[in-house]
Ligand code: NDP
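Here is the structure:
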């Protein structure tokens, strides 16, 4: 039915590609293009013979708009799935506009070079005006709204789990469960154990930047920012058990604050073990999380990129990770004049994911919704020109697809609330 160009071939992309290949009716043809072509070729070799989907591979530097335009014009896809890094969001959106092709990704834009003076000036203005200091925000991609609308193209932002599925849960709760949602707590619990003293479950650079930043939440129409890891709660997660979780800034709070009418508070919590936090603090204290280039024995290095080279590749954690994830949203609000609560969530087992697609659950829970988001656009179930986040579309076909394609969800009508 459709041809898709997938950019990136890391942990998340590998799962999305496996799922596209299970869904050959929609994904008739895929082209996998990434910086390191050998990874694309290896995956193609692994999948060929197991799927009806036709697979081709290409090399591309997605930081370069001209290269992307040449690639897109050559491949002529119906959709470009950006599963590279947030650094490439804008170049890939530019290329999609130039070629008249729909776009989707799994994380919002963040610059690689935090010292770019133009970006810095805008960032500092936003920190002051909006009140949160994360390096990423939606404004850069929301700036493309008019261009995509005028071109009659759709850009779907952040179709992973969080962001992504968590916003579909919010849209579902808004449509079916509540007349008014008052509060949303997004809980991201990874009860998995990979046996290493320290490793990250997705790209280390993006992950460590995110979790070492100040936390923030939305309350009564404005952001409240707190020092990193300074709000801690314990929660008893279904099928995982008791875990410590910490309040983080997270991108979907920014869009949900605008799209869920009258919401009073939105927070995001992620679980971390003590070993992870101790390692992270130590690495931060000695400067290993720095994104500033420095000279080392005649070579320029960026400490966090050097650290990435030392850490286990998240794509290799699959065989050794055991345990489950439990990710979802707790809602409070009103229905038919009465107070109501609900927890919509998914539980995913690391080893089951490994058996199915050779990856751990963090890549799985992101890669499956990436395929589903693409399917929504390709089948025309989600189709409106402009730039949108997941909760701005009808949640029903997406929620149905989650059940069908490996991320079944459930609802607890009486969850323990987070204080
Ligand atoms: P990886 O580092 O495993 O993979 C990134 C891939 O992008 C690699 O194949 C890499 O190539 C490729 N790449 C990087 N730079 C370029 C470039 N300039 N040109 C072409 N290809 C490039 O990352 P993950 O798979 O862990 O993460 C992928 C995305 O998913 C990220 O944006 C991440 O933030 C997002 N994510 C979203 C989540 C959600 O729930 N929404 C959760 C987890 C991740 P190479 O092999 O050469 O390095």
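Residue numbers (the numbering used here): 332 to 750. Ideal Cβ placement from N, Cα and C applies to all residues, glycine included. These numbers come from a predicted model, not from an experiment.
DSSP state of residue i mapped onto helix, strand, coil
i           : result
residue 631 : strand
residue 642 : coil
residue 570 : coil
residue 580 : coil
residue 397 : helix
residue 712 : coil
residue 349 : helix
residue 744 : coil
residue 404 : helix
residue 498 : helix
residue 366 : coil
residue 591 : coil
residue 653 : strand
residue 717 : strand
residue 553 : strand
residue 475 : coil
residue 371 : helix
residue 586 : helix
residue 548 : strand
residue 427 : helix
residue 670 : strand
residue 609 : helix
Integer-rounded CB distance, given that residue j should sit under 8 Å from residue i
i           : j           : result
residue 432 : residue 403 : 6 Å
residue 708 : residue 496 : At roughly 16 Å, the Cβ-Cβ gap does not stay under 8 Å, so residue 708 and residue 496 are not in contact.
residue 603 : residue 518 : At roughly 13 Å, the Cβ-Cβ gap does not stay under 8 Å, so residue 603 and residue 518 are not in contact.
residue 544 : residue 580 : 6 Å
residue 445 : residue 719 : 27 Å between Cβ atoms; not a contact.
residue 528 : residue 621 : Contact doesn't hold; Cβ gap of about 21 Å is too wide.
residue 387 : residue 355 : The Cβ separation is near 15 Å, so there is no contact.
residue 296 : residue 642 : The structure shown does not extend to residue 296, since the chain is modelled only from 332 through 750, so no value can be given for it.
residue 703 : residue 729 : 6 Å
residue 591 : residue 578 : With 8 Å as the limit, residue 591 and residue 578 do not qualify as a contact, their Cβ atoms being about 19 Å apart.
residue 478 : residue 428 : 6 Å
C-beta atoms of residue i and residue j nearer than 9 Å
i           : j           : result
residue 582 : residue 549 : no
residue 661 : residue 510 : no
residue 598 : residue 514 : yes
residue 646 : residue 347 : no
residue 481 : residue 716 : yes
residue 684 : residue 695 : yes
residue 400 : residue 363 : no
residue 768 : residue 699 : Given that the chain is displayed from residue 332 to residue 750, the structure contains no residue 768 and the question cannot be resolved.
residue 533 : residue 361 : no
residue 537 : residue 417 : yes
residue 335 : residue 352 : no
residue 568 : residue 697 : no
residue 415 : residue 341 : yes
residue 705 : residue 374 : no
residue 489 : residue 653 : no
residue 391 : residue 369 : no
residue 657 : residue 571 : yes
residue 462 : residue 555 : yes
residue 413 : residue 339 : yes
residue 562 : residue 546 : yes
residue 614 : residue 638 : yes
residue 349 : residue 523 : no
residue 520 : residue 560 : no
With 16 other Cβ atoms within 10 Å as the buried cut-off, status of residue i
i           : result
residue 611 : buried
residue 381 : exposed
residue 525 : buried
residue 655 : buried
residue 630 : exposed
residue 627 : exposed
residue 449 : exposed
residue 485 : buried
residue 617 : exposed
residue 472 : buried
residue 745 : exposed
residue 283 : Because residue 283 is not part of the residues shown, which for the chain are 332 to 750, the question remains open.
residue 714 : exposed
residue 535 : buried
residue 442 : buried
residue 344 : buried
residue 494 : buried
*Give a yes or no on contact between the stretch 488-503 and the stretch 717-728, applying the rule of three or more CB pairs nearer than 8 Å.*
yes
*Is there contact here, the stretch 420-438 with the stretch 460-476, by at least three beta-carbon pairs under 8 Å?*
yes
*asked:* Quick check: the stretch 412-425 against the stretch 388-397, are at least 3 beta-carbon pairs closer than 8 Å?
replied: yes
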